[in-house]
Amino acid sequence: MNCREFVDFLMAYIDGELPEAERSVFDAHMVDCPPCQTYLETYKETVQLGQDLCRDSDGPIPDEVPERLVAAILAARPRKS
Amino acid sequence: MWPVTIPRNPDEARPDEATLLERLRAGEDAAYEELVRLYGPRLLAVARRFLRSEDDAQDAVQDAFLNAFRSIDSFEGQARISTWLHRIVVNASLMKLRTRRRKPEQSIEELLPNFLEDGHMTNLAAPWRKAGEDEVEIAQLRGLLLQKAQQLPDSFRNVLLLRDIEGLDTEEAAQLLEISTAAVKTRLHRARLALRELLDPHLRRVAE
Numbered sequence: 018m019n020c021r022e023f024v025d026f027l028m029a030y031i032d033g034e035l036p037e038a039e040r041s042v043f044d045a046h047m048v049d050c051p052p053c054q055t056y057l058e059t060y061k062e063t064v065q066l067g068q069d070l071c072r073d074s075d076g077p078i079p080d081e082v083p084e085r086l087v088a089a090i091l092a093a094r095p096r097k098s
Numbered sequence: 085m086w087p088v089t090i091p092r093n094p095d096e097a098r099p100d101e102a103t104l105l106e107r108l109r110a111g112e113d114a115a116y117e118e119l120v121r122l123y124g125p126r127l128l129a130v131a132r133r134f135l136r137s138e139d140d141a142q143d144a145v146q147d148a149f150l151n152a153f154r155s156i157d158s159f160e161g162q163a164r165i166s167t168w169l170h171r172i173v174v175n176a177s178l179m180k181l182r183t184r185r186r187k188p189e190q191s192i193e194e195l196l197p198n199f200l201e202d203g204h205m206t207n208l209a210a211p212w213r214k215a216g217e218d219e220v221e222i223a224q225l226r227g228l229l230l231q232k233a234q235q236l237p238d239s240f241r242n243v244l245l246l247r248d249i250e251g252l253d254t255e256e257a258a259q260l261l262e263i264s265t266a267a268v269k270t271r272l273h274r275a276r277l278a279l280r281e282l283l284d285p286h287l288r289r290v291a292e
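Read top to bottom, the protein sequences are chains B and F.
Read in order, the letters of the first sequence correspond to residues 18 to 98 in my numbering.
Read in order, the letters of the second sequence correspond to residues 85 to 292 in my numbering.
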């Protein structure tokens with residue numbers, strides 16, 4: 018396995034989707050290639066950053082909705098007869 | 085102040101949500117306003133991630149609320165209101181995006197890592213600095229991530245947003261984008277590789 022193949026199969030490796038034999042080859046490459054170990058870490062950090070920074074359901078509330086938009090939404094709502 | 089608090093966990097949220105739902109179904113004007121003011125900011129933040137124009141993002145939020153109002157009677161209350169509205173605004177944003185897509189899509193190839201002929205990386209990976217606890221730094225990092233994600237071609241950016249940022253699973257993303265789960269996985273991997281390349285110069289730890 019070379020670094021290009023390592024990068025190609027990175028997501029399958031992280032998701033545990035590589036068959037055992039291929040996983041061993043992948044692990045062996047990482048032992049021999051510190052830059053690929055670092056690449057794996059920064060790839061995971063890329064994914065983690067999105068999850069940590071932007072999934073804000075429990076985070077700070079973003080800016081308020083413009084009043085004009087609130088008014089437009091409420092004016093357009095269907096009313097029960 | 086509005087009487088409904090921001091949901092923190094499903095157990096806390098449900099009693100308040102049940103009351104809000106009842107009032108919405110009864111057609112109470114104040115309940116509709118509460119819903120818009122309570123969930124509107126988060127919905128607008130989601131729409132802004134998908135749509136580059138502020139007008140389009142606001143239109144998507146308006147469409148989302150109107151869809152939600154129309155289907156409030158069929159909402160079974162098994163999911164949280166926030167989850168239900170989140171799915172509706174993601175869908176509304178993608179619909180809006182479809183009406184806007186006219187230019188031919190740029191290739192992602194130039195954003196992917198480069199390799200030498202023997203398969204080694206041209207640019208050896210270096211560790212990244214860790215994000216601190218400082219709120220200003222976190223906000224800057226969030227801005228950087230979203231700005232770089234905007235540089236991805238739409239079909240890759242949308243998969244990345246749905247999976248890694250909005251938290252949908254592969255099947256849900258495939259259904260919304262009307263592509264196969266295999267295509268979601270391939271595009272997601274390439275989008276992550278490209279985003280990593282775009283972030284790398286900003287996050288690479290400088291040697292001391």
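Idealized CB from N, CA, C, for every residue including glycine.
Predicted model only: the values in this text are computed from it and were never measured.
Which of helix, strand or coil DSSP assigns to residue i
i, result
"F26 of chain B", "coil"
"F159 of chain F", "coil"
"R213 of chain F", "coil"
"R94 of chain B", "coil"
"M205 of chain F", "strand"
"R164 of chain F", "coil"
"R136 of chain F", "coil"
"R288 of chain F", "strand"
"Y116 of chain F", "helix"
Contact under 7 Å by Cβ, residue i with residue j
i, j, result
"A148 of chain F", "V120 of chain F", "no"
"M18 of chain B", "V48 of chain B", "no"
"T55 of chain B", "P211 of chain F", "yes"
"L279 of chain F", "K232 of chain F", "yes"
"T59 of chain B", "A223 of chain F", "no"
"A275 of chain F", "T265 of chain F", "no"
"E281 of chain F", "L195 of chain F", "yes"
"P125 of chain F", "E37 of chain B", "no"
"R94 of chain B", "F153 of chain F", "yes"
"I156 of chain F", "L122 of chain F", "no"
"Q190 of chain F", "P237 of chain F", "yes"
Proximal residues of chain B, C-beta to C-beta of residue i below 8 Å
i, result
"L246 of chain F", "Under the 8 Å cutoff, chain B gives no residues; its nearest Cβ is about 11 Å from L246 of chain F."
"E217 of chain F", "Chain B residues near E217 of chain F: none, gap ~12 Å exceeds 8 Å."
"D284 of chain F", "T59"
"V75 of chain F", "For chain F, the structure presents residues 85 to 292; residue 75 of chain F sits outside this window and is missing."
"E117 of chain F", "V87, L91"
Per-residue contacts from residue i into chain A (C-beta, under 7 Å)
i, result
"E81 of chain B", "The structure shown contains no chain A; the protein chains it does contain are B and F."
Partners in chain F for residue i, counting only beta-carbon separations shorter than 9 Å
i, result
"A92 of chain B", "What A92 of chain B touches in chain F: nothing, since even the nearest Cβ is about 10 Å away."
"E22 of chain B", "G203"
Interface partners of residue i on chain B, CB under 7 Å
i, result
"A209 of chain F", "P52, T55, Y56, T59"
"P197 of chain F", "V24"
"E193 of chain F", "Here the premise fails: no neighbours, minimum Cβ distance about 14 Å."
"E106 of chain F", "By Cβ distance, chain B contributes nothing, its closest Cβ being about 14 Å from E106 of chain F, past 7 Å."
Within chain B, partners of residue i - CB distance below 9 Å
i, result
"L229 of chain F", "T63, L66, G67, L70, C71"
Any 3 or more C-beta pairs closer than 8 Å across the region 100-114 of chain F and the region 194-210 of chain F = In short, these stretches do not touch, since the Cβ pair count stays below three.
Return the residues of the region 270-281 of chain F that lie within a Cβ-Cβ distance of less than 8 Å from chain B, sorted by chain order.
-> Taking 8 Å as the cut-off between beta carbons, the residues of the region 270-281 of chain F near chain B are L272, H273, R276, L277, L279, R280, in sequence order.
Going along the chain, which residues of the region 30-63 of chain B sit with their C-beta nearer than 8 Å to a C-beta in chain F?
-> P52, C53, T55, Y56, E58, T59, Y60, E62, T63
Would you say the region 245-261 of chain F touches the region 127-144 of chain F, given that touching needs at least three Cβ pairs under 8 Å?
-> yes
Counting pairs of Cβ atoms below 8 Å between the region 212-222 of chain F and the region 165-185 of chain F, do you hit three or more?
-> Not touching, per the Cβ criterion.
Name, going along the chain, the residues of the region 148-171 of chain F whose beta-carbon falls closer than 7 Å to a beta-carbon of chain B.
-> F149, L150, F153, R154, S166
Identify each residue in the region 129-149 of chain F for which the Cβ-Cβ distance to at least one residue of chain B is less than 8 Å, and report them in chain order.
-> A129, R133, Q142, V145, Q146, F149
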